[in-house]
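Taking it in order: structure first as structure tokens, then the write-up.
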Amino acid sequence: MKRTVRHLADGREIIYFDSPGAPDRTAEDTRDLPQVAAASEIRRDPLTGEWVAMAAHRQTRTYKPPADLCPLCPTKPGKPSEIPEPDYDVAVFENRFPSFSRTVIGDSSTVDGAGLVPIAPGVGRCEVVCFTSDHDGSFAGLTAKQVRAVVDAWADRTAELSAMDGVEQVFPFENRGEEIGVTLHHPHGQIYGYPFVTPKTERMLEVARAYEAEHGRPVMGDVLAAERESGARVVVAGEHWTAFVPPAARWPVQVQIVPHRQVPDIPALSDAERDDFSDVYLEVLRRCDGLYDRPLPYIAAWNQAPAKRDRELGWLYLEVFSVLRSKDKLKYLAGSESGMAVWINDATPEQIADRLRATP
0 MKRTVRHLAD
10 GREIIYFDSP
20 GAPDRTAEDT
30 RDLPQVAAAS
40 EIRRDPLTGE
50 WVAMAAHRQT
60 RTYKPPADLC
70 PLCPTKPGKP
80 SEIPEPDYDV
90 AVFENRFPSF
100 SRTVIGDSST
110 VDGAGLVPIA
120 PGVGRCEVVC
130 FTSDHDGSFA
140 GLTAKQVRAV
150 VDAWADRTAE
160 LSAMDGVEQV
170 FPFENRGEEI
180 GVTLHHPHGQ
190 IYGYPFVTPK
200 TERMLEVARA
210 YEAEHGRPVM
220 GDVLAAERES
230 GARVVVAGEH
240 WTAFVPPAAR
250 WPVQVQIVPH
260 RQVPDIPALS
270 DAERDDFSDV
280 YLEVLRRCDG
290 LYDRPLPYIA
300 AWNQAPAKRD
310 RELGWLYLEV
320 FSVLRSKDKL
330 KYLAGSESGM
340 AVWINDATPE
350 QIADRLRATP
């Protein structure tokens with residue numbers, strides 16, 4: 000990939016990832032932009048031990064602009080956007096309304112000075128990843144070559160963010176569909192560089208550590224082997240990746256895409272693994288979109304090892320899940336899920352897998 004780093008009018012970085020032979024990226028951002036003023040902080044819940052981010056400045060972020068004013072489309076005459084070039088393959092830039100930022104200042108303290116609830120600056124990094132310049136496209140509509148370019152961009156950004164002081168975990172993800180809460184329809188995802196290890200990952204590390212101490216093997220390795228042997232929940236099987244509905248699925252549509260080799264994060268994937276992922280993931284998305292004969296709203300979430308500790312316990316995987324439980328019905332997180340984090344699924348994992356496999 001051809002990698003070009005430029006800067007937007009307010010100083011934020013934008014990185015272009017292009018195929019060899021693409022034109023040089025030299026366009027200037029001509030907008031008159033004020034400097035980003037992020038004021039994030041994190042507070043630690045004394046009852047759960049979990050960090051919660053406060054980012055009130057995000058209330059003014061862009062919300063469902065008309066297509067001809069999309070900030071993720073290439074710049075057109077008279078219509079400057081976040082991407083100054085007239086075209087691009089993959090573009091990544093710092094979010095103008097970040098939940099976490101390198102520019103946040105402040106000291107660690109506690110709420111009301113009482114010492115009970117720690118407060119710290121929300122230092123980190125948030126980036127936007129534009130998968131294609133085609134406003135009306137989708138990730139599922141990309142070619143395998145285009146997906147591979149996105150994977151290489153994810154790998155590049157994961158490596159760079161992981162090396163930053165204060166970043167403890169890197170989380171690439173995509174939100175797709177208004178039912179998920181998407182406010183910009185151009186095909187894109189985000190990458191968060193968190194200043195802490197996320198609660199989900201902390202819990203998974205605890206389980207992985209205990210399982211390996213008892214069995215001498217990684218738990219994901221045993222789960223993967225069991226799923227491949229059974230086949231009951233396998234949706235797509237490639238040379239280096241297997242996609243299956245997890246045996247304790249929470250969501251009405253949920254697929255985990257797991258590499259056959261234990262690696263901590265995307266940068267650790269080989270060229271062959273990146274190529275095979277592109278094919279397997281596109282097939283998963285095709286089946287997801289065919290499930291209800293409509294574009295499936297989903298979240299695609301990369302689970303990576305922490306950036307600076309416990310990396311030997313991590314096993315990279317991508318999880319795709321949806322709130323859509325039928326063509327026109329949503330699963331709401333009601334009392335049990337929201338109040339007690341006890342999930343109740345209206346379908347069995349085997350039924351979910353059967354429906355996805357049956358999709359033409």
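With numbering that gives the first Met the number 0 applied, the sequence shown covers 0 to 359.
No residue lacks a Cβ here, since even glycine has one placed at the ideal position from N, Cα and C.
- Closest option to PRO294, judged by alpha-carbon separation, among ALA333, ARG208, PRO305, GLU178: GLU178.
- Around ALA21, the same chain offers LYS1, ASP88 as residues with beta carbons nearer than 7 angstroms, after the five sequence neighbours per side are excluded.
- By the criterion of a C-beta distance shorter than 8 angstroms, ASN344 is surrounded in its chain by ALA248, ARG249, TRP250, PRO251, once the five residues flanking it on both sides are discounted.
- For THR109, the CB contacts under 8 angstroms within the same chain, skipping 5 residues up- and downstream, are LEU115, VAL116, PRO117, ILE118 in chain order.
- Per DSSP, reduced to three states, the secondary structure at TRP50 is strand.
- Around the Cβ of ARG11, a 10 Å sphere holds 16 or more other Cβ atoms; the residue is buried.
- Distance from the Cα of GLU49 is smallest, within the candidate group SER335, PRO194, GLY140, for PRO194.
- The C-beta distance from GLU167 to LYS307 rounds to 6 angstroms, short enough to fall under 8 angstroms.
- Around the Cβ of VAL127, a 10 Å sphere holds 16 or more other Cβ atoms; the residue is buried.
- Counting of Cβ neighbours within 10 angstroms places GLY192 among the buried residues, the total reaching 16 or more.
- Note on geometry: alpha-carbon atoms of LEU7 and GLY136 lie some 25 angstroms from one another.
- SER18 and VAL262 have their C-alpha atoms some 26 angstroms from each other.
- Taken in chain order, the unbroken stretches of alpha helix (DSSP H) that lie wholly in the region 143-219 and span 4 residues or more are 143-161, 198-214.
- Remark: C-beta atoms of GLU349 and ALA231 approach each other more closely than 8 angstroms.
- In this structure, the straight-line span from the alpha carbon of SER337 to that of TYR331 is close to 9 angstroms.
- The way I'd put it, the region 138-152 doesn't touch the region 24-38; fewer than three beta-carbon pairs between them come closer than 8 angstroms.
- In the DSSP assignment, VAL283 falls within the alpha helix (DSSP H) that extends over 270-290.
- Under DSSP, the beta-bridge partners assigned to HIS6 are GLU12.
- In the DSSP assignment, GLN255 falls outside any alpha helix (DSSP H) and lies within the beta strand (DSSP E) extending over 252-258.
- Judged by DSSP in its simplified three-state form, ARG324 adopts strand.
- Taking the CA atoms as reference points, ARG57 sits about 20 angstroms from ILE82.
- In the DSSP assignment, GLU93 falls outside any alpha helix (DSSP H) and lies within the beta strand (DSSP E) extending over 89-93.
- The C-beta separation of ARG227 from VAL235 comes to about 12 angstroms, leaving the pair out of contact by the 8 angstroms criterion.
- In the DSSP assignment, ASP17 is bridged to LYS1.
- For ARG354, no beta strand (DSSP E) encloses it; the enclosing alpha helix (DSSP H) starts and ends at 348-357.
- Taking a C-beta distance under 8 angstroms as the contact criterion, ALA209 and GLY121 do not qualify as a contact pair.
- Annotated three-state conformation of VAL234 is strand, per DSSP.
- Leaving aside the five residues that flank CYS287 on each side, the residues in its chain whose CB is nearer than 6 angstroms to its CB run, in chain order, LEU295.
- Taking a C-beta distance under 8 angstroms as the contact criterion, THR74 and PRO65 do not qualify as a contact pair.
- MET163 and HIS214 have their alpha carbons spaced roughly 35 angstroms apart.
- A residue is called buried when at least 16 other Cβ atoms come within 10 angstroms of its Cβ; LEU68 does not meet this threshold and is exposed.
- Excluding residues up to 5 positions away in sequence, GLY180, VAL181, ILE298 lie with their Cβ nearer than 7 angstroms to the Cβ of ASN174 in the same chain.
- Scanning its chain for C-beta atoms nearer than 8 angstroms, with the 5 sequence neighbours on each side dropped, one finds around VAL341 the residues SER335, in chain order.
- Ranked by Cα distance from THR200, the options ARG273, VAL222, TYR316 are led by TYR316.
- In its chain, beyond the 5 residues on either side, TRP240 have a beta carbon closer than 6 angstroms to the beta carbon of PHE276.
- Of the candidates MET339, ALA224, SER229, LEU284, ALA224 places its Cα closest to the Cα of VAL257.
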